[in-house]
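*Asks:* Heads up: the sequence shown begins at 2 in the working numbering, then just goes up one per residue.
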Amino acid sequence: MKTVQVIAPGRLAYTEVAGPNGGAAGSEALVRVETVGICGTDVKILSGGIPVSYPRVMGHEMVGEVVDGGATGVPTGQRVMIDPAISCGSCALCRQGRTNLCLDGGLLGRDADGVWAELVTAPANRLLPVPEHLGTQAAAMVQVAGTCVHAQRAAPVFPGDTAAVIGLGVSGLIFTQLLRAAGAVVIGVTRSEFKRELATAFGAVATAAPDEAAAVIADVTDGQGVDLAVEAVGTEGTVSLAIESARIGGEILVFGTVTGGGTGLPYYQLYFKELTVRNPRAAIADDYARAIELAAAGVLDLEPIVTDRIGLAEVARAFERVGSADSLKVLMPVG
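See below:
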């Protein structure tokens with residue numbers, strides 16, 4: 002079968018490998034992969050910023066169809082996504098239901114071969130059914146939507162609350178919809194005009210470029226600042242902007258992964274405003290199930306966030322589109 006492997010930092014191979022046989026003793030289901038997605042983690046793995054064992058089959062975002070359920074009880078023909086988290090099931094955090102934080106855990110495509118392949122196997126407890134009526138592009142987006150659902154659960158909002166979403170990439174636009182569905186008044190912040198237009202279409206009451214954000218937020222909130230500031234970029238500068246945007250007693254949700262140091266954060270504001278800062282990580286199966294429900298019910302409109310569909314065989318071109326000014330989500334049909 003065909004797969005995409007990273008074979009060294011900056012080097013990809015679209016190559017033929019032996020296919021899975023359905024899982025040892027039928028303990029796993031065999032899934033034909035339909036569509037996969039590229040995320041920031043994949044970009045860092047390809048660059049060498051996240052080290053892996055080479056060669057490594059890449060990817061953790063997918064939707065597909067069960068072609069052999071084995072002894073799992075999952076019916077043949079069932080459309081599914083695979084929970085990409087690897088967890089031991091027995092450590093203290095797993096026993097608490099926090100499998101996303103498993104002490105011996107990992108991620109498909111990073112710590113084990115991933116889903117950028119024609120066929121993959123997975124146990125039943127990591128297969129989540131995806132309704133047939135959900136469009137292909139939306140179905141391929143439910144994994145990233147699940148991580149946003151997980152994060153939003155950490156910082157619930159209520160009707161009439163104000164929220165700023167800083168960074169209107171894929172996750173920021175999903176947050177905009179989740180917050181609006183919860184009844185929040187949402188302000189979107191990004192440099193990109195076309196992303197601001199999408200946020201408005203998704204229900205944001207106002208949008209702003211970063212240098213205009215303070216004035217727009219002050220106008221919407223009568224100078225108080227927002228109840229919740231969602232940082233969806235992953236830079237020290239955008240975390241700083243989130244802190245500055247929050248009201249006294251507000252909350253900060255740092256969704257972006259900040260890995261490098263910089264000029265420092267406004268630490269005094271963290272103290273003076275007595276802010277609550279949350280740093281959610283990944284998701285659990287229930288979050289993915291909820292994301293699927295929201296997408297299937299039309300609460301989340303995911304297809305407009307997809308800007309590119311490029312076949313798996315053209316993976317190098319797909320990576321070139323990631324991060325382009327006019328690109329959001331890049332999906333790759335398989336086969």
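We treat Cβ as the ideally placed atom computed from N, Cα and C, and that holds for glycine. All values reported here derive from a predicted model rather than from experimental measurement.
Is residue 42 helix, strand or coil by DSSP?
*Replies:* Looking at residue 42 - three-state DSSP - the assignment turns out to be helix.
*Asks:* Candidates 9, 12, 39 and 28: which alpha carbon is nearest residue 329's?
*Replies:* Nearest of 9, 12, 39 and 28 to residue 329, Cα basis: 39.
*Asks:* Using the three-state DSSP reduction, which class does residue 141 fall into: helix, strand or coil?
*Replies:* Residue 141 falls in the coil class under three-state DSSP.
*Asks:* Could you tell me the alpha carbon to alpha carbon distance between residue 327 and residue 51, rounded to whole angstroms?
*Replies:* Taking the straight line joining both Cα atoms gives about 26 Å.
*Asks:* Please check the pair residue 5 and residue 82, which I expect to be a contact at CB under 8 Å, by giving their CB distance rounded to whole angstroms.
*Replies:* Incorrect: roughly 18 Å between the Cβ atoms, too far for contact.
*Asks:* Suppose only complete runs of 3+ residues qualify. What are the beta strand (DSSP E) ranges in the stretch 208 to 249, listed by chain order?
*Replies:* Fully enclosed beta strand (DSSP E) runs of 3 or longer: 227 to 232.
*Asks:* Which class does residue 274 belong to by DSSP, given the choice of helix, strand or coil?
*Replies:* The answer is coil: DSSP assigns residue 274 none of H, G, I, E or B.
*Asks:* Let me check one thing: in DSSP terms, what residues is residue 9 bridge-paired to?
*Replies:* For residue 9, which the question treats as bridged, DSSP gives the partners 12.
*Asks:* Classify residue 104: buried if its beta carbon has 16 or more other beta carbons within 10 angstroms, exposed otherwise.
*Replies:* Result: exposed.
*Asks:* Which residues share a DSSP beta bridge with residue 69?
*Replies:* BP columns for residue 69 point to 31.
*Asks:* The beta strand (DSSP E) with residue 122 in it runs from where to where?
*Replies:* Its beta strand (DSSP E) spans residues 120 to 123.
*Asks:* Going straight from the alpha carbon of residue 248 to that of residue 225, what length do you get?
*Replies:* About 5 Å.
*Asks:* Measure the alpha-carbon distance for residue 54 versus residue 227 and round it to whole angstroms.
*Replies:* Computed Cα separation, rounded: 43 Å.
*Asks:* My output table needs one value for residue 4: the three-state DSSP class, helix, strand or coil.
*Replies:* Here residue 4 sits in strand by DSSP.
*Asks:* Let me check understanding here. Comparing Cα to Cα, which of 331, 285 and 314 lies closest to residue 97?
*Replies:* Comparing Cα-Cα distances from residue 97 to each of 331, 285 and 314, the minimum goes to 285.
*Asks:* Is it the case that the Cβ atoms of residue 65 and residue 33 are separated by a distance below 8 Å?
*Replies:* A contact, by the Cβ cut-off of 8 Å.
*Asks:* Could you give the C-beta distance for residue 252 and residue 156, rounded to a whole number, given that I count them as a contact under 8 Å?
*Replies:* Yes, residue 252 and residue 156 are in contact; Cβ-Cβ is about 5 Å, under 8 Å.
*Asks:* Out of curiosity, what's the CA-to-CA distance linking residue 1 and residue 259?
*Replies:* Look at the range of the chain in this structure, 2 to 336, and you will see that residue 1 is not part of it.
*Asks:* For residue 272 and residue 266, I'd like the C-alpha separation in whole angstroms.
*Replies:* Near 12 Å, if we compare the C-alpha coordinates of residue 266 and residue 272.
*Asks:* What is the rounded straight-line gap between the Cα of residue 46 and the Cα of residue 240?
*Replies:* The straight-line gap from Cα to Cα measures roughly 24 Å.
*Asks:* Rounded C-beta distance between residue 231 and residue 165? I'm assuming under 8 Å.
*Replies:* Contact holds; Cβ gap of about 7 Å.
*Asks:* When we look at the beta-carbon of residue 126 and count the other beta-carbons within 10 Å, is it buried (16 or more) or exposed?
*Replies:* Classification of residue 126: exposed, given that the 10 Å Cβ count is below 16.
*Asks:* Mapping the DSSP letters down to three states, classify residue 303 as helix, strand or coil.
*Replies:* If DSSP states are grouped into helix, strand and coil, residue 303 belongs with coil.
*Asks:* Can you list, in chain order, the residues of its chain whose CB lies under 6 Å from that of residue 306, leaving out five sequence neighbours each side?
*Replies:* Counting only Cβ-Cβ distances below 6 Å, and skipping sequence neighbours, we find 171, 174, 329 and 330.
*Asks:* So residue 242 packs on residue 214, CB below 8 Å; how close in whole Å?
*Replies:* Yes, residue 242 and residue 214 are in contact; Cβ-Cβ is about 6 Å, under 8 Å.
*Asks:* If you count every other CB in all the chains shown that lies within 10 Å of the CB of residue 159, and 16 or more means buried, which is it?
*Replies:* With fewer than 16 Cβ atoms within 10 Å of its Cβ, residue 159 is classed as exposed.
*Asks:* Is residue 254 helix, strand or coil by DSSP?
*Replies:* The answer is strand: DSSP assigns residue 254 an E or B state.
*Asks:* Among the residues of its own chain, which have a CB less than 7 Å from the CB of residue 296, if the five just before and after it don't count?
*Replies:* Contacts found: 135, 139, 143, 146 and 303.
*Asks:* Going by beta carbon distance, what residues of the same chain come within less than 8 Å of residue 193, once the five residues before and after it are set aside?
*Replies:* Same-chain partners within the cutoff: 169 and 326.
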